[in-house]
Amino acid sequence: MSAQLLMGNEAIALAALHSGINLACGYPGTPSTEIIETIVRHNPGDVHVEWSVNEKVALELAIGASYAGMRALVTMKQVGLNVASDALMSFVYVGAKGGLVLVVADDPGPISSQTEQDTRQFAQFAHLPVFDPVSPEQAAAMIPAAFELSERYRTPVIVRPTTRIDHGCAVIDLPKVLPGTRHPVSGFVKDPSFVIFPKRSYQGHLEIIERLEQIADEFSDSEFNVFTPWCEGEATIGVVSSGNHDGYLHEALLRLAQLAGQAGVKMPALRLLAIGTPFPFPERLAREFTRGLTRIICFEELEPVLEREFIMLAGRYHLPYDVHGKLDRSTSLAGENSVEIIAGQLAAFLGLEAIYAPWQAELAAAVVPVELPVRPPTLCAGCPHRGAFLAVKQAIGTRRKVIYSGDIGCYTLGNAAPLKTTDTCLCMGAGITMAQGLGLAEPDTIQIAFIGDSTFFASGMTGVANAVYNRHHLCICVLDNATTAMTGLQPDPATGLTLMGTQSKPISIKAVLAALGVTTILVVDPLDLAASKMAVDAALTDTGVSAVIFESPCIQLEKPLAPVTIVADRCREKCKACVQRLGCPALTIDNALAVVDESLCTGCDLCVSLCPWDAITSPRLMAAAAGDAHV
442 MSAQLLMGNE
452 AIALAALHSG
462 INLACGYPGT
472 PSTEIIETIV
482 RHNPGDVHVE
492 WSVNEKVALE
502 LAIGASYAGM
512 RALVTMKQVG
522 LNVASDALMS
532 FVYVGAKGGL
542 VLVVADDPGP
552 ISSQTEQDTR
562 QFAQFAHLPV
572 FDPVSPEQAA
582 AMIPAAFELS
592 ERYRTPVIVR
602 PTTRIDHGCA
612 VIDLPKVLPG
622 TRHPVSGFVK
632 DPSFVIFPKR
642 SYQGHLEIIE
652 RLEQIADEFS
662 DSEFNVFTPW
672 CEGEATIGVV
682 SSGNHDGYLH
692 EALLRLAQLA
702 GQAGVKMPAL
712 RLLAIGTPFP
722 FPERLAREFT
732 RGLTRIICFE
742 ELEPVLEREF
752 IMLAGRYHLP
762 YDVHGKLDRS
772 TSLAGENSVE
782 IIAGQLAAFL
792 GLEAIYAPWQ
802 AELAAAVVPV
812 ELPVRPPTLC
822 AGCPHRGAFL
832 AVKQAIGTRR
842 KVIYSGDIGC
852 YTLGNAAPLK
862 TTDTCLCMGA
872 GITMAQGLGL
882 AEPDTIQIAF
892 IGDSTFFASG
902 MTGVANAVYN
912 RHHLCICVLD
922 NATTAMTGLQ
932 PDPATGLTLM
942 GTQSKPISIK
952 AVLAALGVTT
962 ILVVDPLDLA
972 ASKMAVDAAL
982 TDTGVSAVIF
992 ESPCIQLEKP
1002 LAPVTIVADR
1012 CREKCKACVQ
1022 RLGCPALTID
1032 NALAVVDESL
1042 CTGCDLCVSL
1052 CPWDAITSPR
1062 LMAAAAGDAH
1072 V
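Following our numbering, the residues of the sequence shown are numbered contiguously, the last one being 1072.
Structure, rendered in structure tokens:
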């Protein structure tokens, strides 16, 4: 055993390796991404690891491995579970053979997601057990327990860390990962139950109901559900917490107890229950917890999952307690919680506002307000996507109305001024298909659909097929920067790089589009603004489905070039065209003249072609004028 300071995702990954996994796969999505990356770094050599093209593919791959007796880990975030749900709902009815654990990272806030979905509710909907860790240490402990449960009950299992668990750090003791310690693979044995006909679904449903009852009883004795008293005396008040709220709650109670002691006020006796296995609900434990209680408050992020369970428990057994939480607005309705939020809500619930409110006001008064500059999110300086957006805008000009359908990725930032080239963004792949619906409603409007290279393979190809088949009219702009930039520069099929260290033949986006029936396909470098505008002009003449592939690597993959320079005597005061049209963070205005931040400028030269006064130049242009071919 060796003590290591680990991020929650690292702890989950190492715990999976220690559990003998044979396969790890997923699709990059913050806050879950580092799990697969950590497995790659610590792979003893006998674990197959891959970024699959989307979450559904990853889960189906893992299901096949499970049928053959492999232990498989699948990672995703909460919105990725939506993509995987088609396979998951049927798989629960069929059942696992080798252990299969889905780590689904929820994102309260949300910090980096479209939604605040609560995977605990999805687990209830799909009828599969879910573990909800309170800390990185507990997340690591839950992984082997989840695999063991999966195999014992032949069911997939979800482990649901949230962002603060994924990215929080702790010192954890874990044994060294050794080669040759993988789970033994029994192989595939043909079994009619693997074919999900209606009869098998009916039988599977009965099996689900039976095993959930057994797991619920087992969860009542689980080490992951912690039942503790607080303060001396007979408690009539219960406090229930979910996930990382147990840590918040204990710190909030310590703060309230300290304030109560200073004020000479006696803290009421409390009974605490931290539930780490919310579904199937540990009913036997919950009934024991509620014995003698008159009031219960539930602290949980996102949805009132535990609150509803305790309300139903009271109704089922006619228990004499009231339940408080989100449903009666005693606790936060949405977003992340914190120690301060919980302390304030707990003080109100316990009638301790008189001692807590003055301290809170004193604390607030001690905080010196700092005026921070407004820093809206923006594309990086030198990002090739900026050139693609500019080229499209220049090609369209003011000749007709246009709708820009966006997608999930760095390029969603195209919605901000001055680019303003993202009018919609829903989910991965939706830009291409939504543009088709918008085109039906407004046939005289130009429909532009932006999509990235990774997203194209994840969920864009079906939309292209639909557009060609049903004869829709739109221009698809594929922003190919040779990586999955937003989640940390993961490879995708267009790169050919794999996590197993092999180089596959890159899949050509142009060839895929052609195979799907797109006839007008142009490939251009978005940093060549004139050529890019011409390509978009040509694509817009097509009366069906056209495509422009903007190929230029993400700036994180390239060494920056020498920065551009401003020719001061040419720059016109108050012109600001470079800043107002480009929105590059490396360009600012000082004393009415343009200024280049050399620490940010990557030398992409887009601004050079935008300046109407030739006041911006670069070493490459000067070298070209001098005939130096080496620059």
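For every residue, glycine included, the Cβ atom is placed at its ideal position computed from N, Cα and C.
Asked	Found
Distance CB(cysteine 1025)-CB(tryptophan 1054) smaller than 8 Å	no
Among Phe897, Asn856, Ile948, Gly449, nearest to alanine 581 - alpha-carbon criterion	Gly449
Coil, strand or helix - glycine 828 by DSSP	helix
Residue from Leu569, Thr556, Arg605 whose Cα sits closest to the Cα of glutamine 579	Arg605
Within 8 Å, strictly: CB atoms of threonine 925 and threonine 1006	no
Residue environment, glutamate 589, which counts as buried when at least 16 other CB atoms sit within 10 Å	exposed
Contacts around serine 642, its chain only, beta-carbon distance under 6 Å, and the 5 residues preceding and following it disregarded	Tyr534
Reduced DSSP secondary structure (H/G/I, E/B, other) of glycine 855	helix
Spatial distance of leucine 879 from glutamine 445 (CA atoms)	53 Å
The stretch 994 to 1003 in contact with the stretch 1030 to 1037 per 3-pair CB rule at 8 Å	no
Alpha-carbon to alpha-carbon, serine 473 and alanine 457	14 Å
In chain order, each beta strand (DSSP E) run of at least 3 residues that lies wholly inside the stretch 611 to 674	666 to 671
Burial state of aspartate 573 (16 or more Cβ within 10 Å)	buried
Counted within 10 angstroms of its Cβ, other Cβ atoms place leucine 647 as buried (16 or more) or exposed	exposed
Collapsed DSSP secondary structure at threonine 984 in the structure displayed	coil
Per-residue DSSP class, three states only, for serine 526	helix
DSSP-derived helix/strand/coil call for glutamate 781	helix
CB contact flag (glutamine 888, cysteine 868, <8 Å)	no
From Val520, Glu742, Pro620, Ala506, residue whose alpha carbon lies closest to that of asparagine 484	Pro620
Exposure label - leucine 920; buried when at least 16 CB within 10 Å	buried
Three-state secondary structure assigned by DSSP to aspartate 434	Because the chain spans 442 through 1072 in this model, residue 434 falls outside it and cannot be assessed.
Buried versus exposed, by CB contacts within 10 Å (16 or more), phenylalanine 720	buried
Nearest candidate by alpha-carbon position, reference alanine 586, set Val575, Ser576, Val706, Val600	Val600
Distance, isoleucine 950 Cα to serine 443 Cα	46 Å
Sequence-distant residues of the same chain with beta carbon closer than 8 Å to valine 780, five excluded per side	Tyr689, Glu692, Ala693, Arg696
Minimum length 3: unbroken beta strand (DSSP E) runs contained in the stretch 886 to 958	887 to 893, 915 to 921
Simplified DSSP state of glutamine 562, which is helix, strand or coil	helix
Straight-line gap, asparagine 907 to phenylalanine 898 (C-alpha atoms, nearest Å)	15 Å
Cβ-based neighbour list, alanine 857, same chain, cut-off 8 Å, excluding 5 preceding and 5 following	Pro817, Pro818, Thr819, Gly1024
For serine 1096, the three-state DSSP class (helix, strand or coil)	Nothing about residue 1096 can be read from this structure; the chain reaches only from 442 to 1072.
Selection from Pro597, Ala698, Asp1038, Leu774 that minimises the alpha carbon distance to leucine 653	Pro597
Straight-line Cα distance separating alanine 923 from phenylalanine 730	55 Å
Contact belief for valine 977 with valine 959 at Cβ below 8 Å, rounded distance in angstroms	With 8 Å as the limit, valine 977 and valine 959 do not qualify as a contact, their Cβ atoms being about 15 Å apart.
Threonine 731 Cβ short of 7 Å to the ligand GDP heavy atom set	This structure lacks the ligand GDP; in fact it carries no ligand of any kind.
Boundaries (first-last residue) of the alpha helix (DSSP H) holding threonine 731	724 to 731
Straight-line Cα distance separating phenylalanine 790 from cysteine 739	11 Å
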